[in-house]
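In case it helps, this note's numbering puts the sequence shown at residues 423 to 558. Accompanying notes for the structure given below.
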Amino acid sequence: MSARGKARRRALDILFESELRDEDPLKILAERVERKEPPVNEYTSAIVEGVARHRPRIDELITTYAEGWTLDRMPAVDRNLLRGGTYELLWMPDVPEGVVISEWVHLAGELSTDESPQFVNGLLARFKQLKPSLTL
423 MSARGKARRR ALDILFESEL RDEDPLKILA ERVERKEPPV NEYTSAIVEG VARHRPRIDE
483 LITTYAEGWT LDRMPAVDRN LLRGGTYELL WMPDVPEGVV ISEWVHLAGE LSTDESPQFV
543 NGLLARFKQL KPSLTL
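Structural data, given as structure tokens:
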């Protein structure tokens with residue numbers, strides 16, 4: 423797994439944990455950075471901080487375009503996969519869009535249901551297609 427792939431996985435872990443503990447992801451991030459085990463790199467921090475900063479808009483987009491699914495009905499891991507992937511896709515223009523989608527779909531395949539990779543792929547691909555028209 424690439425360094426950025428590991429960073430994405432770590433960001434997902436932090437986002438997921440913050441949801442389960444019902445705590446601010448920035449608090450969880452700060453705890454992990456301070457603990458240094460395992461180390462948290464800058465890319466992980468950028469994703470977590472970005473999701474925290476843009477979460478209302480990210481959740482609005484997911485809710486709007488996830489046909490037949492509400493955020494509450496999605497598995498928690500899928501919600502957070504989509505949050506991380508959406509942030510990286512829409513707010514980190516230096517990363518190739520295809521790589522972003524591929525990496526988050528890969529994580530969905532490793533960590534969620536059998537249907538999750540297709541679901542994550544479809545929604546992130548839709549955001550890629552709509553990116554020029556989305557108001558961020």
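We treat Cβ as the ideally placed atom computed from N, Cα and C, and that holds for glycine.
Residue i: first and last residue of the uninterrupted alpha helix (DSSP H) it sits in
{"i": "alanine 452", "result": "447-457"}
Residue i in three-state terms, based on DSSP
{"i": "glycine 531", "result": "helix"}
{"i": "threonine 492", "result": "coil"}
{"i": "threonine 557", "result": "coil"}
{"i": "asparagine 502", "result": "helix"}
{"i": "valine 462", "result": "coil"}
{"i": "aspartate 481", "result": "helix"}
{"i": "proline 539", "result": "helix"}
C-beta contact flag for residue i and residue j at 8 Å
{"i": "leucine 493", "j": "lysine 550", "result": "no"}
{"i": "threonine 508", "j": "leucine 556", "result": "no"}
{"i": "glycine 506", "j": "alanine 425", "result": "no"}
Nearest candidate by alpha-carbon position, reference residue i, set the options
{"i": "threonine 486", "options": "Leu504, Pro539, Gly472, Ile469", "result": "Leu504"}
{"i": "leucine 552", "options": "Val517, Leu483, Ile450", "result": "Leu483"}
{"i": "phenylalanine 541", "options": "Ala429, Lys428, Ala488", "result": "Ala488"}
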